[in-house]
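Residue numbers (my numbering): 1076 to 1395.
All C-beta atoms, glycine included, are put in the ideal place defined by N, C-alpha and C.
Before any comments, here is the structure.
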Amino acid sequence: MKRLLLILFPALILLSSCHAPLTENELALGTICAITSYDKKDDGLIAPAFELIHSKEKLFDFYSEDSELGRVNSSAHISPVKVSEELYELIKLSYEIALASNEAFSPVLGPLVELWGIGTEDAHVPSDEEIEEALRLCNIEDLVLCDEDRTVFFRKEGMKIDLGAIAKGHVTNEVVSFLKENGVERSIVNLGGNLYLIGEKKKGECWTVGLQNPGADYGGYYATVDVRDSAVVTSGEYERYLELEDGTRYHHILDSRTGYPAKSDLKSASIISSDSALADALATACFVLGQEKAEALVKEYGVDAVFLTTSDQIVRVEGS
Ligand code: AMP
Ligand code: MG
């Protein structure tokens, strides 16, 4: 199955950028990634930062049998598979968020994601029988993790882990750490809408980020958030979808209860946190959960959020 690149509708638009920034773009992780440098001394760090991003594709690529995740997916039903610390930690965090969100976010929806194929050349609407069959392979309790041995085991053959809703956030964290360790005090890292604003826009001045209005053209925003040294991550139905000839749309965020694209009272969910992986996973979970449960979840995790409801209400939640 081939993955199509997501090049339309990055979730966020930056407002009020500063003088003479240098932005480099590359295709990676199935999307467009951009890094912006604001200081000449930092320009040389952009290339190694992209190398870092590409190296992570070898860990998390769901569509490659050669990635570390691909090897887990092809053999973890036979016997426990020992994995790298980095992959283990991300699967473990995903497992915990799945439990906390009642599986609104779940790392074991691989069979369902593959079946729908949204964002790939094979995207189609599956039959109810196919969905039922895939759902039997998508239960979090069938994922067995062993901290001591750092192994992953599937209780059922056919199970697959897909980290598409958290991996970009994790890689963003890694890039931000790399840049900061090398002395960067101000930069923007944008991995397909997983945005991290390092430092401040100017001394004493925060960054202003526009949140994409799902119903508007690219660049039309429905609200702004002011942040310092923080991730801003959005999940929305407009990001990636299959559109039939009659205009019916099926988006890429799936509901583990129904097997269909999630339908809640939210059109878009943005999370603001210093941890981009957490923000990524929670944005997906909130979108699926809907306003009331999403508010409780962000408060439990102590992060801030902005939601756009289906009746176009803007809801700001201060959980931090
Ligand atoms: P995001 O854009 O961060 O909300 O992540 C969506 C991507 O994560 C999809 O393209 C799928 O690969 C995967 N996915 C879809 N639905 C879910 C879900 N409910 N929980 C976790 N991952 C999901
Ligand atoms: Mg996500």
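Based on DSSP bridge pairs, tell me the residues matched to residue i.
| i | result |
| --- | --- |
| F1229 | L1218 |
| P1336 | L1329 |
| D1301 | T1283 |
| I1035 | Beyond the ends of the chain as shown, which are 1076 and 1395, falls residue 1035; an answer cannot be given. |
| A1173 | A1173 pairs with nothing; no bridge assigned. |
| T1111 | T1098 and I1263 |
| L1317 | Y1325 |
| L1341 | T1384 |
| Y1296 | Q1287 |
| K1374 | Paired residue(s): none; K1374 is not in a bridge. |
| K1277 | E1280 |
Here's a check: name, in chain order, each residue in its chain whose Cβ is nearer than 6 Å to the Cβ of residue i, leaving out the five neighbours to either side.
| i | result |
| --- | --- |
| I1172 | F1180 and A1356 |
| K1133 | S1142 |
| E1375 | none |
| E1362 | Note on residue identity: the sequence assigns Phe, not Glu, to residue 1362. Contacts found: S1310, I1328, L1341 and A1344. |
| F1016 | What the structure shows of the chain is the stretch from 1076 to 1395, and residue 1016 is not part of that stretch, so it cannot be assessed. |
| P1201 | L1190 |
| T1098 | A1109 and T1111 |
| D1387 | none |
| G1192 | A1198 |
| A1306 | Y1271, S1348, S1351 and A1354 |
| W1282 | L1272, K1276 and V1302 |
| K1255 | none |
| E1320 | none |
| S1169 | P1182 and I1241 |
| T1385 | D1340 and K1342 |
What residue from the options has the CA that sits closest to residue i's CA?
| i | options | result |
| --- | --- | --- |
| G1244 | F1135, G1365, A1298 and L1286 | F1135 |
| P1396 | A1198, K1167, E1178 and C1213 | The structure shown does not extend to residue 1396, since the chain is modelled only from 1076 to 1395, so the question has no answer here. |
| I1121 | G1394, V1381, V1250 and E1207 | V1250 |
| T1247 | K1131, Y1293 and G1279 | K1131 |
| Y1335 | A1354, L1353, G1322 and E1312 | E1312 |
| G1145 | Y1170, I1236, R1303 and D1387 | I1236 |
| N1100 | F1125, F1253 and D1114 | F1125 |
| D1117 | G1258, E1196 and S1159 | G1258 |
| A1291 | G1105, E1314 and S1252 | E1314 |
| E1196 | L1317, S1176 and L1286 | L1317 |
| L1102 | I1128, Y1113, G1119 and D1114 | I1128 |
| S1331 | E1164, T1384 and E1207 | E1207 |
| S1252 | G1274, E1164, M1234 and S1154 | G1274 |
| N1177 | E1216, S1139, K1278 and S1149 | E1216 |
| I1107 | Y1163, E1223 and L1266 | L1266 |
| G1279 | R1261, G1268 and G1294 | R1261 |
| Y1293 | L1174, V1300, V1308 and G1268 | G1268 |
| L1184 | L1162, E1370, G1377 and T1333 | T1333 |
| F1137 | G1105, L1218 and E1223 | G1105 |
| G1194 | E1393, L1383, H1326 and A1360 | H1326 |
Which residues mark the beginning and the end of the beta strand (DSSP E) in which residue i is found?
| i | result |
| --- | --- |
| I1389 | I1389 to E1393 |
| A1198 | Premise fails: A1198 is in no beta strand (DSSP E) and is neither H nor E. |
| A1103 | L1097 to A1103 |
| A1179 | Segment: none, A1179 is in no beta strand (DSSP E) and carries neither H nor E. |
| L1272 | N1269 to I1273 |
Along the chain, where does the alpha helix (DSSP H) that runs through residue i open and close?
| i | result |
| --- | --- |
| T1323 | Here T1323 belongs to no alpha helix (DSSP H), and DSSP marks it neither H nor E. |
| P1123 | I1121 to F1135 |
| G1185 | G1185 to W1191 |
| G1365 | Careful: G1365 lies outside any alpha helix (DSSP H) and carries neither H nor E. |
| P1209 | Note that residue 1209 corresponds to Ala in the displayed sequence, not to Pro. First-last of the alpha helix (DSSP H) with A1209: D1203 to L1210. |
| A1159 | Here residue 1159 is Ser; the residue named in the question, Ala, does not match the sequence. Careful: S1159 lies outside any alpha helix (DSSP H) and carries neither H nor E. |
| S1149 | E1143 to S1150 |
Grab me the residues of residue i's own chain with a C-beta within less than 8 Å of its C-beta, minus the 5 sequence neighbours each way, in chain order.
| i | result |
| --- | --- |
| H1094 | Reliability of the predicted coordinates at H1094 is poor, the pLDDT of 49 falling under 50, and no value is obtained from them. |
| S1149 | E1140 |
| G1377 | G1394 and S1395 |
Excluding sequence positions up to five away, which residues of its chain have a Cβ less than 7 Å from the Cβ of residue i?
| i | result |
| --- | --- |
| R1391 | V1381 |
| I1166 | P1182, L1220, V1227 and I1236 |
| V1147 | V1156, V1158, V1227 and I1236 |
| Y1296 | I1088, G1285, L1286, Q1287 and N1288 |
TODO: Enumerate, from N- to C-terminal direction, the unbroken alpha helix (DSSP H) stretches of 4 or more residues contained entirely within the stretch 1236-1262.
DONE: 1242-1256
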